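Heads up: the structure comes next, in structure tokens.
Residue numbers (our numbering): 18 to 572.
See below:
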């Protein structure tokens with residue numbers, strides 16, 4: 018096979034051309050570019066031969082050649098040498114004995130990507146070799162070629178018709194058993210840069226419209242596929258459009274919890290981005306979801322009930338009934354809770370156990386004052402906001418006074434007997450809570466005006482005779498006295514003298530007798546007088562003077 022050779026003269030001319038051009042046209046060759054141009058072909062004819070193999074990578078022309086192994090304890094090497102059957106210099110890849118696929122020869126471009134056309138090898142063993150192409154350190158998909166060279170003879174390995182080798186910057190040579198070949202006549206040309214773009218992602222599940230109440234959850238989600246690395250950005254908008262939306266800070270996942278703190282409709286969409294850093298063209302591609310509307314309804318609250326009739330103050334005695342009541346309206350379902358308090362206030366009250374209806378029977382077992390009020394609650398389960406609303410009644414004062422003492426008669430009226438025309442007086446003495454009232458009765462019939470503790474009958478006559486009672490009354494009750502009887506006796510007949518005493522004339526020492534005859538109610542009593550002076554012992558209807566003397570004379 019005829020090998021292509023570059024003369025020293027041509028190489029010197031090319032070097033001078035590059036120097037001049039670089040000085041006159043800095044924009045054409047950038048001094049900072051790592052890959053300034055397509056690497057030149059290499060046949061090693063200008064490379065000095067090496068008497069021994071070297072273990073370090075060798076830079077020859079625009080290329081770096083190295084023999085690598087995954088086992089650092091083993092020695093794999095390269096050597097520039099001239100071997101039969103060729104007459105030119107070759108590069109020998111010497112792998113360690115029996116390392117097989119763990120070591121490989123690597124050919125790297127130092128100036129840029131290239132299209133691999135061919136190279137020649139002379140095998141020094143009977144083995145099968147595999148070539149793999151790389152770009153930017155990554156194996157190029159499909160860039161794998163297997164060949165079995167003839168032992169001891171040149172074999173040309175051709176890549177020119179395979180498009181997968183048209184844009185690489187290195188290739189690696191592996192063997193099944195051991196890499197031991199002479200490498201020569203590397204031929205390349207300009208790379209064919211087939212531009213690859215990141216794939217447009219597919220939105221498999223679109224976000225959906227949602228209608229919620231204020232404060233409820235509204236989570237939007239999207240499902241996408243078809244990318245190397247997918248990222249998300251949610252947008253909000255005031256119109257049903259995927260243009261002019263505002264990116265939402267931090268909303269960069271496949272789900273987004275839309276705010277629902279205020280009522281209204283907001284539109285949302287998400288842009289899904291596929292990032293593919295291996296693409297040679299556009300490394301990002303996007304897909305935009307449908308627009309969804311999130312409608313947030315204003316909250317509806319339970320209506321505040323109206324108290325139409327307030328509970329009222331009451332004053333009762335111990336043990337009497339005291340019932341409080343309230344009338345309310347304006348609710349879906351009204352409930353009640355009564356509270357007691359020691360002060361005239363609707364705060365700080367104590368809920369009364371079981372007092373949960375519109376009426377409440379207040380306990381009145383002991384005297385004192387207690388304040389009460391009721392809280393009326395409307396419960397509306399259909400409300401989207403507050404499902405309960407309350408109204409508190411005014412305070413009602415319940416005053417419980419001690420029970421009044423019913424009247425008791427301590428002194429009953431007594432029977433009376435009077436002479437016709439005389440005065441009869443009946444008296445009663447009673448105790449009990451004031452005020453006490455009195456009503457005297459005669460034979461069970463009220464006596465008009467007889468309403469005091471004493472009943473006086475002036476000028477008593479026989480018709481006034483009868484049975485007298487009195488009814489004593491107060492707030493606690495009444496009591497009737499025992500009956501007292503009035504007896505009216507006729508008036509007595511005064512004495513009348515029907516026979517007057519007559520003058521008497523007697524002889525001294527004789528007996529003189531005076532006699533009077535009188536009528537009238539018995540008993541009649543008599544008292545004889547001499548000259549207006551009572552005569553001691555002269556108390557009968559006759560006065561006898563024995564042994565009358567002159568001194569006995571008189572009237």
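Cβ atoms here follow ideal geometry from the backbone N, Cα and C, with glycine treated the same way.
Just so you know, these numbers come straight off a predicted model, no measurement behind them.
For the region 175-246, list the beta strand (DSSP E) runs that are entirely contained and at least 3 residues long, ordered along the chain. 187-192, 197-206, 219-222, 227-230, 236-238, 240-242
Which first and last residues belong to the beta strand (DSSP E) in which residue 453 is found? As a position in the chain shown, residue 453 is number 436, starting the count at 1. Here residue 453 belongs to no beta strand (DSSP E), and DSSP marks it neither H nor E.
So residue 137 packs on residue 172, CB below 8 Å; how close in whole Å? Position 120 of the chain shown, counting from 1, holds the residue named residue 137. Position 155 of the chain shown, counting from 1, holds the residue named residue 172. Residue 137 to residue 172, Cβ: 7 Å. Contact.
Work out the CA separation of residue 233 and residue 216 for me, nearest whole Å. Indexing the chain shown from 1 puts residue 216 at position 199. Indexing the chain shown from 1 puts residue 233 at position 216. Taking the straight line from one Cα to the other gives about 37 Å.
What do you get for residue 73, buried or exposed, if any count of 16 or more other CB atoms within 10 angstroms of its CB means buried? To locate residue 73, count along the chain shown from 1; it is residue 56. Counting Cβ neighbours within 10 Å, residue 73 comes out exposed, since fewer than 16 surround it.
Whole angstroms is fine: what's the gap from residue 242's alpha carbon to residue 221's? On the chain shown, residue 242 is found 225 positions in, with the first residue counted as 1. On the chain shown, residue 221 is found 204 positions in, with the first residue counted as 1. Roughly 7 Å between the two C-alpha positions.
Our contact map puts residue 538 next to residue 509 with C-beta atoms below 8 Å; I'd like the distance itself, whole angstroms only. Here residue 538 refers to the residue found at position 521 of the chain shown. Here residue 509 refers to the residue found at position 492 of the chain shown. Their Cβ separation, rounded to whole angstroms, is 4 Å, which keeps residue 538 and residue 509 in contact under 8 Å.
Looking at the strands, I want to know which residues DSSP matches up with residue 541. Position 524 of the chain shown, counting from 1, holds the residue named residue 541. Bridge partners of residue 541: none, in fact.
Given that a residue counts as buried once 16 or more other Cβ atoms are within 10 Å of its Cβ, and exposed if not, what is residue 542? Position 525 of the chain shown holds residue 542. Label assigned to residue 542: exposed.
Over the uninterrupted beta strand (DSSP E) stretch that includes residue 150, give me the two end residues. Within the chain shown, numbered from 1, the residue matching residue 150 stands at position 133. 146-152 is the extent of the beta strand (DSSP E) around residue 150.
By Cβ distance, which residues of its chain are closer than 7 Å to residue 421, with the 5 residues on each side in sequence left out? Here residue 421 refers to the residue found at position 404 of the chain shown. Same-chain partners within the cutoff: 334, 450, 491, 492, 493.
Report yes if the C-beta distance between residue 504 and residue 482 is below 8 Å; otherwise report no. Working through the chain shown from its first residue, we reach residue 504 at position 487. Working through the chain shown from its first residue, we reach residue 482 at position 465. Cβ distance < 8 Å, so residue 504 and residue 482 count as in contact.
So, for residue 13: in the same chain, excluding its five sequence neighbours on each side, which residues have a beta-carbon less than 7 Å away from its beta-carbon? Because the chain in this structure spans residues 18 to 572, residue 13 falls outside the shown range and cannot be described.
Count the C-beta pairs between the region 263-280 and the region 192-204 that are closer than 8 Å, then say yes if the count reaches three, no if not. no
Option in 516, 59, 453 with minimal Cα separation from residue 469: The sequence position of residue 469 within the chain shown is 452, counting from 1. It is 453 whose Cα lies nearest to the Cα of residue 469.
Please work out which residues of its chain come closer than 7 Å, Cβ to Cβ, to residue 404, disregarding the five sequence neighbours upstream and downstream, and give them in chain order. Working through the chain shown from its first residue, we reach residue 404 at position 387. For residue 404, where only same-chain residues beyond five positions count, the Cβ hits under 7 Å are 319, 396, 397, 398.
For residue 133, tell me which candidate among 374, 223, 58 has the shortest Cα-Cα distance. Working through the chain shown from its first residue, we reach residue 133 at position 116. Comparing Cα positions, the closest option is 58.
Below 6 Å CB to CB, which residues in the same chain sit around residue 496 once its five sequence neighbours on both sides are set aside? Indexing the chain shown from 1 puts residue 496 at position 479. Same-chain partners within the cutoff: 424, 426, 489.
For residue 285, write down the residues that DSSP places opposite it in a beta bridge. What you label residue 285 is simply residue 268 of the chain shown in a count that begins at 1. In DSSP, residue 285 forms a bridge with 253, 309.
Answer yes or no: the CB of residue 333 versus the heavy atoms of the ligand SAM, is any distance below 7 Å? In the structure shown, the ligand SAM is absent, as is every other ligand, since no ligand is present at all.
Tell me whether the beta-carbon of residue 110 lies closer than 8 Å to the beta-carbon of residue 200. Reading the chain shown from its first residue, position 93 is the one you call residue 110. Reading the chain shown from its first residue, position 183 is the one you call residue 200. A contact, by the Cβ cut-off of 8 Å.
Quick check on residue 480: does DSSP put it in helix, strand or coil? Translated into the one-based positions of the chain shown, residue 480 becomes position 463. In this structure, residue 480 counts as helix in the three-state DSSP scheme.
Measuring alpha carbon to alpha carbon, tell me which of 384, 353, 385 ends up nearest residue 377. Translated into the one-based positions of the chain shown, residue 377 becomes position 360. Nearest of 384, 353, 385 to residue 377, Cα basis: 353.
Please identify the residue among 360, 290, 265 whose C-alpha is closest to the C-alpha of residue 283. As a working note, residue 283 is residue 266 in the chain shown. The residue with the shortest Cα to Cα distance from residue 283 is 265.
On a Cα-Cα basis, can you pick out the residue from 554, 547, 513 that is closest to residue 534? Sequence index remark: in the chain shown, residue 534 carries index 517 (1-based). For the residues 554, 547, 513, the minimum Cα distance to residue 534 belongs to 513.
Please identify the residue among 183, 401, 77 whose C-alpha is closest to the C-alpha of residue 317. On the chain shown, residue 317 is found 300 positions in, with the first residue counted as 1. Nearest to residue 317 by alpha-carbon distance, out of 183, 401, 77, is 401.
Enumerate in chain order the residues of its own chain whose CB-to-CB distance from residue 71 is below 7 Å, with the five nearest sequence positions on each side excluded. The residue given as residue 71 occupies position 54 in the chain shown. Hits under 7 Å: 94, 95, 96.
In this structure, does DSSP put residue 440 in helix, strand or coil? Sequence index remark: in the chain shown, residue 440 carries index 423 (1-based). Residue 440: coil per DSSP, three-state reduction.
Inter-residue Cα distance where the pair is residue 464 and residue 445: Your numbering for residue 464 matches position 447 in the chain shown. Your numbering for residue 445 matches position 428 in the chain shown. About 15 Å.
Distance check for residue 183 and residue 160, CA to CA, integer angstroms please. The residue you call residue 160 lines up with position 143 of the chain shown. The residue you call residue 183 lines up with position 166 of the chain shown. Their Cα atoms are separated by approximately 9 Å.
In whole angstroms, what is the alpha-carbon distance linking residue 66 and residue 289? Mapped onto the chain shown, residue 66 falls at position 49. Mapped onto the chain shown, residue 289 falls at position 272. Roughly 58 Å between the two C-alpha positions.
CA-to-CA distance, residue 295 to residue 185, given in whole angstroms: Counted from its first residue, the chain shown places residue 185 at position 168. Counted from its first residue, the chain shown places residue 295 at position 278. Taking the straight line joining both Cα atoms gives about 13 Å.
Note the first and the last residue of the continuous beta strand (DSSP E) segment covering residue 415. For the purposes of this step, residue 415 is identified with residue 398 of the chain shown, where counting begins at 1. Where residue 415 is concerned, the enclosing beta strand (DSSP E) stretches over 413-418.
What are the start and end residues of the beta strand (DSSP E) that includes residue 432? Position 415 of the chain shown, counted from the first residue, corresponds to residue 432. Membership of residue 432 in any beta strand (DSSP E) is not indicated, and neither H nor E is assigned to it by DSSP.
Should residue 60 be labelled buried (16 or more other beta-carbon atoms within 10 Å of its own) or exposed? Translated into the one-based positions of the chain shown, residue 60 becomes position 43. The residue is buried, with at least 16 neighbouring Cβ atoms inside 10 Å.
Distance between beta carbons of residue 237 and residue 224, contact taken as under 8 Å: The residue labelled residue 224 in the question sits at position 207 within the chain shown. The residue labelled residue 237 in the question sits at position 220 within the chain shown. The Cβ separation is near 4 Å, so the contact holds.
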